[in-house]
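A.B. asks:
Residue numbers (our numbering): 25 to 176.
1) Write down every uninterrupted run of the beta strand (DSSP E) in the region 44-119 whose length is 3 residues or greater and which is fully enclosed by it, in chain order.
2) Put residue 125 into one of helix, strand or coil per three-state DSSP.
3) Among all the DSSP beta bridges, which residues are the ones paired with residue 39?
4) Can you list, in chain order, the residues of its chain whose CB lies under 7 Å from that of residue 138, leaving out five sequence neighbours each side?
5) Can you find at least 3 beta carbon pairs, one from the region 71-78 and one from the region 43-59, that sit closer than 8 Å?
6) In chain order, what residues of the same chain have a beta carbon less than 6 Å from the beta carbon of residue 99, not counting five sequence neighbours either side?
7) Among 157, 82, 43, 37, which one has its Cα closest to the Cα of residue 125?
8) Just verifying my parser: in three-state terms, what is the DSSP assignment at residue 148?
9) DSSP three-state label for residue 136, please.
10) How about residue 120 and residue 144: do their beta carbons lie closer than 8 Å?
11) Find out if the Cβ-Cβ distance for the pair residue 87, residue 133 is shorter than 8 Å.
12) List the DSSP bridge partners of residue 166.
13) So, for residue 35: in the same chain, excluding its five sequence neighbours on each side, which residues have a beta-carbon less than 7 Å away from its beta-carbon?
14) Less than 8 Å between the C-beta atoms of residue 63 and residue 148, yes or no?
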């Protein structure tokens, strides 16, 4: 089944990449939310009937006030959530341009956002582990070839 059109995932995350960097945000530090105080990527829980890609796009609009075209997606996979009782989460990588970055308006979920080198996110101990691992798999794929070389 195509991950973008799948409806079995509990949610979706997206690495929005502009050159060698990605959009990352620091989660709120509330005990009642998953991964409090960790660096994260846009995304969240899927609504009933929503596809994985539609979820990633909606969450990006809600959290950052920007969107990305389905054609901008260069990689799609899934990973198992570490949250108790959780299942698969869709993971996308989409390329955005500097104009989209300039249009970001950070919402009220999280403490701050920043552009961060992809390899820096992967090596942060204070970033969501499943996303660090998913990004590492992307970089090892043909689609990810050369992304971190841009940041050196």
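Backbone N, C-alpha and C define an ideal beta-carbon position, used for all residues, glycine too. Just so it is clear, the structure is predicted and the values come from calculations on it, not from any experiment.
C.D. replies: If we stick to the structure as given:
1) For the region 44-119, whole beta strand (DSSP E) runs of length 3 or above, ordered along the chain, are 45-50, 67-69, 97-104, 112-119.
2) Against the chain shown, residue 125 aligns to sequence position 101. Correct three-state label for residue 125: helix.
3) Start at 1 with the first residue of the chain shown, and residue 39 comes out as number 15. According to DSSP, residue 39 bridges with 117.
4) In the chain shown, counting from the first residue as 1, residue 138 sits at position 114. Excluding positions up to five away in sequence, the list reads 48.
5) No: the two stretches stay apart, fewer than three of their Cβ pairs being nearer than 8 Å.
6) Sequence index remark: in the chain shown, residue 99 carries index 75 (1-based). So the qualifying residues of the chain are 117, 162, 167.
7) As a working mapping, residue 125 is identified with position 101 in the chain shown. Ranked by how close their Cα comes to the Cα of residue 125, the residues 157, 82, 43, 37 have 43 in first place.
8) Position 124 of the chain shown, counted from the start, is the residue given in the question as residue 148. Three-state DSSP puts residue 148 in coil, outside helix and strand.
9) Start at 1 with the first residue of the chain shown, and residue 136 comes out as number 112. The answer is strand: DSSP assigns residue 136 an E or B state.
10) Your numbering for residue 120 matches position 96 in the chain shown. Your numbering for residue 144 matches position 120 in the chain shown. Cβ distance not < 8 Å, so residue 120 and residue 144 don't count as in contact.
11) Position 63 of the chain shown holds residue 87. Position 109 of the chain shown holds residue 133. Result yes, Cβ atoms of residue 87 and residue 133 sit closer than 8 Å.
12) If you number the chain shown from 1, residue 166 lands on position 142. In DSSP, residue 166 forms no bridge with anything.
13) For the purposes of this step, residue 35 is taken as residue 11 along the chain shown, with counting starting at 1. 67, 68, 69, 70, 79, 113, listed in sequence order.
14) Walking along the chain shown from the start, residue 63 turns up at place 39. Walking along the chain shown from the start, residue 148 turns up at place 124. In this structure, residue 148 lies closer than 8 Å to residue 63 by Cβ.
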